[in-house]
Each structure stands twice: as C-alpha cells, then as structure tokens.
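S.K.:
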Amino acid sequence: MVPLSWYLLLAAALFSIGLFGVLARRNAVAILLGIELMLNSVNINLAAFWRYGDVLQMAGQVFAIIVFAVAAAEVAVGLALVISVYRKRNTVIADDIDLMKW
Amino acid sequence: MTAEQIIFLVVAFFTLGSGFMVVTTGNLVHAALWLVSTLFGVAVVFALLNAGFLAVVQVVVYIGAIAILFIFAVMLTRKDMRDQGPQTNSGWWAGVLIAVLVFAGLFFLLQGWGGLSKTAAAIPAGFDAVAELGNVLVSPDAFVLPFEVASVLLVAALVGAVYVAFNRK
Chain A
12 MVPLSWYLLL
22 AAALFSIGLF
32 GVLARRNAVA
42 ILLGIELMLN
52 SVNINLAAFW
62 RYGDVLQMAG
72 QVFAIIVFAV
82 AAAEVAVGLA
92 LVISVYRKRN
102 TVIADDIDLM
112 KW
Chain B
3 MTAEQIIFLV
13 VAFFTLGSGF
23 MVVTTGNLVH
33 AALWLVSTLF
43 GVAVVFALLN
53 AGFLAVVQVV
63 VYIGAIAILF
73 IFAVMLTRKD
83 MRDQGPQTNS
93 GWWAGVLIAV
103 LVFAGLFFLL
113 QGWGGLSKTA
123 AAIPAGFDAV
133 AELGNVLVSP
143 DAFVLPFEVA
153 SVLLVAALVG
163 AVYVAFNRK
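If you read the protein sequences in the order shown, they are chains A and B. Our numbering runs 11 ahead of the 1-based position in the first sequence. Our numbering runs 2 ahead of the 1-based position in the second sequence.
1) Report yes or no: is there a C-beta of chain A within less than 7 Å of the C-beta of Pro148 of chain B?
2) Closest by CA to Ala144 of chain B, which one among A:Met111, A:Ala91, A:Leu90, A:Gly71?
3) State yes or no: is the C-beta of Ala127 of chain B nearer than 6 Å to some heavy atom of the ligand COA?
4) For chain A, check one thing: does any of its Cβ atoms lie closer than 7 Å to the Cβ of Met83 of chain B?
5) So Val81 of chain A and Leu155 of chain B are in contact, right, with Cβ under 8 Å, and what is the actual spacing, rounded?
6) When we look at the beta-carbon of Phe168 of chain B and count the other beta-carbons within 10 Å, is it buried (16 or more) or exposed?
7) Can you tell me which of A:Ser16, A:Val13, A:Ala23, A:Gly32 puts its alpha carbon nearest to the alpha carbon of Ala96 of chain B?
8) Is the CB-CB distance between Thr40 of chain B and Ala33 of chain B below 7 Å?
9) Could you tell me how far apart the beta carbons of Arg62 of chain A and Ala105 of chain A are, in whole angstroms, since I believe they sit closer than 8 Å?
10) In terms of alpha-carbon separation, which member of B:Ser92, B:Leu37, B:Leu51 lies closest to Phe16 of chain B?
11) Rounded to whole angstroms, what's the CA-CA distance from Val46 of chain B to Ser92 of chain B? Just pull it up for me.
12) Where does Thr17 of chain B fall in DSSP's three states?
13) Under 7 Å between the Cβ atoms of Ala75 of chain B and Leu67 of chain A?
14) Using the three-state DSSP reduction, which class does Ile104 of chain A fall into: helix, strand or coil?
15) Return the bridge partner residues of Asn38 of chain A from the DSSP annotation.
16) Does any residue of chain A bring its CB to less than 7 Å from the CB of Gly94 of chain B?
17) Looking at the C-beta of Leu110 of chain A, does it have a partner C-beta in chain B at a distance below 7 Å?
18) For Gly97 of chain B, return the contacting residues in chain A, with the cut-off set at a CB-CB distance below 7 Å.
19) Is the distance from the Cβ of Ala23 of chain A to the Cβ of Leu56 of chain B below 7 Å?
20) Would you mind stating whether Asn54 of chain A and Ala75 of chain A have Cβ atoms separated by less than 7 Å?
21) Starting from the beta carbon of Arg100 of chain A, find every residue of chain B whose beta carbon is closer than 7 Å, and list them in chain order.
22) Name the chain A residues whose beta carbon is nearer than 8 Å to that of Leu155 of chain B?
23) What does Phe22 of chain B reach in chain A if we use C-beta pairs closer than 7 Å?
24) Please report how far the alpha carbon of Ala84 of chain A lies from the alpha carbon of Ala163 of chain B, in whole angstroms.
25) Compare the beta carbon distance of Val13 of chain A and Phe10 of chain B with 7 Å and say whether it is the shorter of the two.
26) Below 8 Å on the Cβ atoms is my guess for Ile68 of chain B versus Val88 of chain A; work out the distance and round it to an integer in Å.
27) Can you give me the Cβ contacts of Leu57 of chain A inside the same chain, cut-off strictly under 8 Å, excluding the 5 residues immediately before and after it?
28) Check this for me: beta carbons of Ala101 of chain B and Ser27 of chain A, under 7 Å apart or not?
29) Could you check if Ser141 of chain B is buried or exposed, using at least 16 other CB atoms within 10 Å of its CB as the buried criterion?
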C-alpha cells in the first residue's frame with residue numbers, strides 16, 4: 012500500500028513546478044499553463060485526503076469537482092483576456108502588457 | 003515494494019517529468035502537449051486513489067476541453083510558431099529559488115505532521131463512491147448549494163469570456 016506521504020510529496024513537487032512556471036515564463040499563455048499544474052496538484056491532495064480519511068465522507072471529492080469547475084472558468088476568462096490583449100496590443104509577453112503600470 | 007508502489011512511482015515520475023517539460027519547453031504548442039501528458043498522469047493518480055469519477059472527469063474536462071482550449075489560444079496568439087527571444091524573464095533564478103523554498107517548506111511541514119505513514123483503510127463492501135458522490139451533490143443536506151454556485155460561476159465565466167474575446171468592429 013502506498014503511504015499518504017508519497018501522494019502529498021507528489022502534489023508538493025507538482026505545485027512547485029507550476030509555481031516556477033508562473034514566476035519565470037514570459038508568455039501569458041505559459042503562465043496559465045503553470046496555474047493549471049498548481050490546480051491539479053491541489054486536486055491530488057484533495058483526492059488523497061478523501062481516500063486516506065473517512066471514505067464515507069465525500070467532501071474531498073466534491074471539493075475537487077468544484078476546483079474542476081473553477082479551473083474551467085479561470086482558463087476560459089484568462090485565455091479570452093489573452094486573446095483580447097493580443098488583438099489590441101499585438102503581444103502576449105506579460106512584461107509588455109503594462110498599461111496599468113504607473 | 004509492492005506492485006502498487008512501483009506503479010505509483012512510475013506514474014509520479016512520468017507526471018513530474020511532463021510537468022517539468024511544460025514549464026521549460028520553448029515551443030508553446032509542445033508545452034501544451036506536455037500538459038496533456040501531465041494531466042493524463044494525474045488522471046492515473048486519481049484512478050490509483052479509487053476516485054474513478056475524478057479520473058474520468060480529468061480526462062474529459064481537462065484533456066478534452068481545457069488542453070484543447072490552450073492549443074487554440076497558442077495558435078491564435080502567434081505570428082510564427084516560435085516566440086522571439088528567451089522564454090523566461092530576467093528574474094527566472096528568483097522563480098527557481100521561490101519554487102525550491104516552497105517545496106522545502108512543504109516538505110518540512112509534512113515531516114512535522116504525524117499522519118504521514120498512514121495507509122488507506124479498505125473501502126467498505128457494497129459502497130459505491132460514484133453513486134454516493136452523485137447523491138451528496140444534489141442532496142439539500144450536503145453540497146447542493148456549492149454545486150449550484152459552481153454552475154452559476156461557470157455560466158457567468160463563459161458569458162464573460164465571450165464578451166471579452168468578442169471582436170467589435
């Protein structure tokens with residue numbers, strides 16, 4: 012049987028990789044890819060705690076499904092913003108999108 | 003080592019390697035395809051955790067919808083398929099530092115916590131997790147309110163996405 016710590020370490024490592032992607036990438040679409048990795052690692056944690064806790068309580072899986080819905084909403088709005096910015100300013104480099112920078 | 007542990011290790015390294023390629027590959031179409039393989043690895047992890055419904059939803063919603071949306075967005079925002087210049091910003095080393103620090107912090111946090119070597123109890127005979135999940139999602143005593151709020155959020159986000167991306171001429 013796989014101990015709980017393995018799943019938690021996998022999720023922590025995946026979260027760190029996604030965090031690096033968000034912090035280091037220049038392309039706005041690549042930043043959203045990093046956010047997807049982070050949301051997925053959180054879902055691994057939720058499913059693992061459901062399985063290793065009380066299986067009869069479904070809260071962990073329900074929370075994971077809510078995270079799915081939020082991730083879908085986030086990616087739809089985020090990519091729409093990226094496409095809109097690309098149309099107006101002809102760039103998707105996050106450093107160049109500085110209209111609101113004072 | 004049992005067979006389950008070996009399967010877990012193979013899947014975990016496959017997932018982490020694909021995730022690493024997502025954040026380091028220069029070509030964004032390749033990064034989106036590596037994201038597909040990462041998401042598939044996570045789906046297998048869900049299946050290992052006996053969360054069958056989550057595994058199926060992961061494949062259908064994440065790989066079938068979100069990853070394809072990413073590939074469309076990459077193709078729509080690209081003059082040529084490659085980006086000009088470096089893919090990472092000038093402070094990428096600080097990103098590495100912060101990511102490593104977060105992982106180390108989580109690691110030490112987990113080490114200090116007692117429940118780590120816990121193993122999963124067997125699932126009770128006759129317990130159908132998918133049926134129970136469906137019941138609690140629409141039961142007024144359980145999670146019907148978050149479920150409905152999530153659906154309203156999804157509709158609002160999709161209407162907003164269409165509004166933001168709509169080309170007014």
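Glycine included, C-beta positions come from ideal geometry on N, C-alpha and C.
M.R.: Looking at the atomic coordinates:
1) yes
2) A:Gly71
3) Among the components of this structure there are no ligands whatsoever, and the ligand COA is therefore not found.
4) Residue placement at Met83 of chain B is poorly supported in this model, since its pLDDT is 48, which falls under 50; the coordinates still yield a value, given next. With 7 Å as the cut-off, Met83 of chain B does not count as an interface residue toward chain A.
5) 7 Å
6) exposed
7) A:Gly32
8) no
9) The pair is not a contact, with the Cβ atoms about 37 Å apart (cut-off 8 Å).
10) B:Leu37
11) 36 Å
12) helix
13) no
14) strand
15) A:Ile104
16) Per the sequence shown, the amino acid found at residue 94 of chain B is Trp instead of Gly. Yes, its Cβ sits closer than 7 Å to a Cβ of chain A.
17) no
18) Phe31, Leu34, Ala35
19) no
20) yes
21) The contacting residues do not exist; Arg100 of chain A stays about 11 Å from chain B at best.
22) Ala80, Val81, Ala84
23) Ile28
24) 9 Å
25) yes
26) With a Cβ gap of about 12 Å, Ile68 of chain B and Val88 of chain A do not count as contacting.
27) Gly71, Gln72, Phe74, Ala75, Val78
28) yes
29) exposed
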